[in-house]
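A.B. asks: Would you mind keeping the following structure in view while I ask a few things?
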Amino acid sequence: MDTVDFSVGANLIPPPKPRTSDKPRRKRFNPNKVPTVIRLCSRCKQAGHNKATCEALL
């Protein structure tokens, strides 16, 4: 039977760490955040939509 000597002062090294990815972690979307930018339409100058979705007649 083989015996292993775990005496004090034995050269024990931790296992190698796995390599991490180079991409930074992404922050999650916060649903409680208040939007800071208010969209203004350049056609009718009203808030809440833009020129592409404007339903005002010209």
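Numbering (full-length UniProt numbering), first residue to last: 1 to 58. Note that CB positions come from ideal geometry on N, CA and C, so glycine has one too.
1. Within a Cβ cutoff of 7 angstroms, which residues of the same chain sit near residue 40, ignoring the five residues on either side of it in sequence?
2. Can you give me the Cβ contacts of residue 51 inside the same chain, cut-off strictly under 8 angstroms, excluding the 5 residues immediately before and after it?
3. DSSP has residue 47 in a bridge; who is on the other side?
4. In three-state terms, what does DSSP make of residue 56?
5. Cα separation between residue 49 and residue 28?
C.D. replies: Answer, in terms of the structure:
1. Closer than 7 angstroms at Cβ, skipping near neighbours: 47.
2. 41, 42 and 43, listed in sequence order.
3. Answer is 40.
4. Residue 56 falls in the coil class under three-state DSSP.
5. Across the structure, residue 49 and residue 28 are spaced so that their CA atoms are roughly 25 angstroms apart.
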